[in-house]
Amino acid sequence: MLFTVLSGLITSGLLIPFGKFFRSKWSAVLAILPIVLFIFFASHIPAVSNGNIIYQHLNWVPSLKINFDFRLDGLSLLFSLLITGIGSFIFIYASSYLKGGLYIDRFYGYLCLFMSAMLGIVLSDNILLLFVFWELTSISSFFLIGFNNHHADSRKSAITALSITGLGGFFLMAGLILMSQIAGTYSIQELMGSAELIKNHELYPVVIGLVFIGAFTKSAQFPFHFWLPGAMKAPTPVSAYLHSATMVKAGIFLLLRFTPILGDTPAWNYTLMIVGGFTMLYAALHSLFRTDLKGILAYSTISALGILTFLIGLGTKEALIAAITFIIAHALYKAALFLITGIIDHETGTRDVTQLSGLRKVLFPVFIAGLLAALSSAGLPLSFGFIGKDLIYEATLNAEQNIALYLTIAAVVTNIGLVAAGFLAGIKPFTGKLNPAHATVHLPYKSMWIPPLVLALLGFVFGIFPGIVGKAIISPTVNVVYGQLVEMHLKIWHGFNTVLILSLVTLVAGAIIYLINQPNAKKLTQLGRLDFMAPETLYTKLSGQIVQLSTWYTNTMHNGFLRSYLLKIIIFAELLLAYELIKGGPIYIDYSKLSAISVYEAVIVLVLIGAVYLTITTSSRLSAVVGTSVIGYAICLIFVYYSAPDLAMTQFSIDTLTVVLFVFVLFNLPSFINFKGDKIAKIRDSIVALAFGTILSLIAIKVLQVPTDIAISKFYGEFAYTLAKGKNVVNVILVDFRGIDTMFEIVVLSIAGLGVYSLIKLRLKASEKE
Amino acid sequence: MRSTIFQTAAMYLLPILLLFSFFLLLRGHYYPGGGFVGGLVASIAFVLHSFAFGTDKTLKVLRYNPLALIPVGLGIAALSMFMPVLFGLPVMTGLWLDEPIPVIGMIGSALFFDIGVYLVVIGVVLTILFTISLYTH
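So the sequences go chain by chain: A and B.
If you use the numbering used here, the first sequence corresponds to residues 1 to 770, in order.
If you use the numbering used here, the second sequence corresponds to residues 771 to 907, in order.
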């Protein structure tokens with residue numbers, strides 16, 4: 001299974017050097033990849049539907065327990081088939097949709113990357129591995145949403161989507177780590193065994209809270225839903241692939257995957273039911289007011305995701321069967337509707353439903369596809385959507401007595417909205433009189449209109465023969481999620497009962513709303529007045545404030561003045577050191593341990609004081625430099641006196657070179673500077689300097705009173721010659737015992753040298769340009 | 771400032787200081803010295819020369835751009851660091867010849883590491899100083 005995940009990544013990588021061969025019509029060749037993967041997964045259907053789970057294990061970072069552990073069970077097989085199956089259609093469709101585009105190869109690269117990441121999520125048996133792929137989908141979808149990067153809107157939407165899903169990923173990571181800490185394993189298989197342990201742990205609410213935020217951000221649940229309509233700025237094949245069939249379902253997948261581990265507790269069930277229920281109603285209502293075809297589809301997708309979350313929250317056997325059936329039905333008709341919208345947009349240049357009508361006359365096969373998809377989404381008998389809808393009603397009716405009625409009402413209202421939205425997107429553009437502006441519209445390439453037609457037709461094939469998918473896919477998936485074998489048979493006809501009546505009521509009411517409700521720009525503007533309390537507005541405000549905060553922080557802390565940096569660094573060090581000193585207890589001097597002061601020392605100290613006085617009182621930069629170098633040489637003398645010849649030698653050379661460097665630099669500065677002007681700065685600096693000197697002196701005294709641990713010096717002294725064959729311990733430490741440190745130090749030194757070199761050269765070029 | 775006395779002195783001081791720096795480098799393993807301080811002394815020798823004759827002349831004496839010494843030095847140090855791996859030993863294990871070489875003494879991988887440090891220090895110091903002196907007027 002590793003190769004199925006890697007093949008996309010490798011293809012994506014190969015497109016960097018070989019991409020230019022795929023910028024023409026040859027880009028459709030790349031569809032071979034998802035098709036082959038689809039066949040591979042399809043060949044595992046017989047084994048998996050018998051209840052087998054196929055595992056694969058490969059070591060990656062065994063010490064961190066992050067390994068390539070894959071599992072192919074019903075749930076992963078279902079999603080793998082959706083990802084590669086719909087992916088195949090998208091790959092074919094996009095080659096015509098983006099024909100003539102400049103960066104088709106890049107687009108396919110992102111698409112392959114995304115497909116691999118999705119397959120990685122659904123196949124992982126290791127939650128850390130799952131998380132890696134989870135993040136990869138966020139990143140690849142960022143590139144896909146922002147694919148039209150010359151539009152500011154696209155870039156903004158891409159950043160919104162990335163920050164929302166990325167934020168969710170952050171929470172998810174915390175949740176996953178917490179969960180594995182409780183259970184002591186990263187393996188999903190083993191976590192399933194410790195389900196009771198996790199559920200009874202006191203941190204269980206925290207775990208599910210964090211996992212929920214991850215799933216809700218990815219699957220666009222209220223209040224994180226607003227990135228999804230924004231993501232419609234992406235090219236339509238991307239919307240069809242990511243935002244209907246696959247990526248947004250990653251959150252749903254996560255919830256399904258963790259149902260056997262975390263599910264079936266009141267906290268889990270009610271949270272999901274409330275959030276999912278609210279999302280599905282809110283979004284279904286919203287979709288009726290949109291005039292942009294993709295906007296309608298975006299909101300109806302959010303609503304469908306809400307239904308799925310809601311059903312997973314319900315958690316009964318019927319609800320899970322309904323959820324999994326609905327995933328397939330929704331993927332088929334929603335992908336078809338998106339692709340149809342893409343054709344309309346591509347051919348007429350608009351997605352505004354108020355502008356579009358009568359297109360059946362010019363785009364007849366597309367109309368058939370739209371009709372079939374809309375009918376499947378409406379749940380007409382014989383369509384797969386009908387079966388999905390029936391199962392949903394069956395699940396809500398069979399819920400606990402006291403809530404069953406409310407749940408059913410919520411489900412019916414949502415579905416009425418979805419029926420109307422489906423008609424609006426799939427039928428409305430094709431009916432009525434043809435807009436004269438679109439009279440010259442012609443049918444696009446076959447590779448564009450066949451995929452949606454096939455997808456829409458499949459919705460009816462599965463609807464008429466539900467047994468095929470039921471036994472092959474849905475049943476093994478429910479087994480995995482529900483945790484025990486479930487006998488189930490999908491049927492076209494359930495008999496004349498409450499469910500059927502509800503279905504018909506939904507269909508009729510939806511059709512009536514579709515006929516009455518004429519979305520237009522005016523209604524949209526009126527709805528816009530409520531925007532002040534929409535989550536999106538809050539998000540925009542919050543991100544604006546974060547930008548303000550970081551601007552303020554940058555301006556104060558990172559203003560580009562060396563003196564300001566030095567001041568802050570020194571004050572910070574002073575605070576830390578002073579804190580440690582105060583914490584360390586009283587300081588005393590043990591005079592008995594001190595040796596007498598010799599004449600040499602007294603002379604050196606006098607020289608030091610004189611040099612310091614010269615440095616701080618002089619008004620010439622050069623004299624100040626000379627003063628500091630005298631200080632440096634005086635310190636060297638102290639080193640010599642206290643028998644540290646290595647140190648003294650190095651310090652001498654460094655001091656010499658520093659003076660040279662200073663002279664070179666000062667040569668380019670004004671020779672005189674008026675220090676008297678800024679008295680406050682002078683006082684501030686002297687306080688900081690005095691404080692620093694005092695603290696360091698106190699530390700020096702403190703060091704004397706702490707008993708020295710000479711074990712390390714002893715070790716070096718003893719082994720310098722026996723192990724490293726050197727008599728100069730300092731040098732042996734530098735080149736042997738701690739040689740790797742030295743290696744990195746010279747690397748740092750080299751970087752500094754190159755930095756100075758390139759900075760000075762760069763500045764020269766900039767001035768030449770002016 | 772082009773003083774004849776200074777120039778004459780600098781001309782003789784350059785080889786002497788370089789020799790001294792090399793001496794510091796070689797004796798480092800047994801007595802005070804080593805690659806770092808040796809490199810600094812060698813840099814000082816060239817800086818002194820550049821004071822007397824101007825940076826352009828010094829660069830001519832050097833023949834190669836001091837920038838080139840940085841990768842060479844890093845390469846030698848890295849090689850001596852990874853050499854033991856070829857013999858199946860951990861990175862940075864000291865390798866030594868059995869017999870001392872006349873004048874130089876014991877030769878081992880640590881010496882080559884020190885030579886790398888020596889070259890990097892010369893390269894970095896001269897690059898910084900010469901770039902500033904050449905390009906900022």
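From the three backbone atoms N, C-alpha and C, an ideal C-beta is built for every residue, glycine too.
Quick caveat: nothing in here was measured; it's all calculated off a predicted structure.
Looking at the strands, I want to know which residues DSSP matches up with residue i.
i, result
"A:H57", "A:D69"
"A:N126", "A:S187"
"A:W227", "The partner list for A:W227 (beta bridge, DSSP) is empty, contrary to what the question assumes."
"B:G878", "B:W866"
According to the Cβ coordinates, are residue i and residue j closer than 8 angstroms?
i, j, result
"A:G470", "A:S287", "no"
"A:G109", "A:F38", "no"
"A:L356", "A:A456", "no"
"A:L397", "A:T498", "yes"
"A:I324", "A:R257", "no"
"A:L130", "A:A174", "no"
"A:Y757", "B:L837", "yes"
"A:I274", "A:L308", "no"
"A:G306", "A:T271", "no"
"B:I814", "A:T658", "no"
"A:L113", "A:S76", "no"
"A:A31", "A:F91", "yes"
"A:V793", "A:L119", "With chain A running from 1 to 770 in the structure shown, residue 793 of chain A is simply not present."
"B:V894", "B:F806", "no"
"A:I340", "A:A378", "no"
"A:M192", "A:P237", "no"
"A:F142", "A:A117", "no"
DSSP three-state label for residue i, please.
i, result
"A:D292", "strand"
"A:N555", "helix"
"A:D352", "strand"
"A:G175", "helix"
"A:Q545", "helix"
"B:Y801", "coil"
"A:V206", "helix"
"A:Q181", "helix"
"B:P860", "coil"
"B:G893", "helix"
"A:A313", "Note that residue 313 of chain A corresponds to Gly in the displayed sequence, not to Ala. Of the three classes helix, strand and coil, the one that applies to A:G313 here is helix, per DSSP."
"A:H44", "coil"
"A:I261", "helix"
"B:V842", "helix"
"A:L170", "Strictly speaking, residue 170 of chain A in this sequence is Phe, with Leu absent from that position. Reduced to three states, the DSSP call for A:F170 is helix."
Could you tell me the boundaries of the alpha helix (DSSP H) in which residue i lies?
i, result
"A:S88", "G74 to Y97"
"B:F776", "T774 to R797"
"A:K433", "No alpha helix (DSSP H) holds A:K433; DSSP gives it neither H nor E."
"A:K682", "K679 to Q705"
"A:T498", "T498 to I516"
"A:P645", "P645 to L666"
"A:N402", "Q401 to G426"
"A:Y565", "L562 to K583"
"A:S219", "A:S219 -> no alpha helix (DSSP H), and no H or E assigned at all."
"A:V454", "K446 to I464"
"A:N479", "S475 to Y482"
"A:M273", "P266 to S287"
"A:Y588", "A:Y588 -> no alpha helix (DSSP H), and no H or E assigned at all."
"A:P237", "T236 to A240"
"A:P17", "L2 to F18"
"A:A373", "F364 to A378"
"B:L829", "T825 to L832"
"A:G385", "F384 to L397"
query = the region 723 to 735 of chain A: which residues have C-beta closer than 9 angstroms to a C-beta of chain B, in chain order?
reply = So the list reads L723, A724, K725, G726, K727, N728, V730, N731, V732, L734 and V735, given in the order they occur along the chain.
query = Taking Cβ-Cβ distances below 7 angstroms as the criterion, which residues of the region 637 to 664 of chain A are in contact with chain B?
reply = Contact residues of the region 637 to 664 of chain A toward chain B are P645, D646, M649, T650, S653, I654, T656, L657, V660, L661 and F664 (C-beta to C-beta distance below 7 angstroms).
key: Where the region 298 to 321 of chain A meets chain B: residues whose CB sits under 9 angstroms from a CB there   = The region 298 to 321 of chain A vs chain B, Cβ under 9 angstroms: nothing.
ask   = Which residues, in chain order, does the region 804 to 815 of chain B contribute to contact with chain A at a C-beta distance below 8 angstroms?
value = G804, G805, F806, V807, L810, V811, S813 and I814
Interface residues of the region 885 to 902 of chain B facing chain A [CB-CB below 8 angstroms] = G886, V887, V890, V891, G893, V894, V895, T897, I898, L899, T901 and I902
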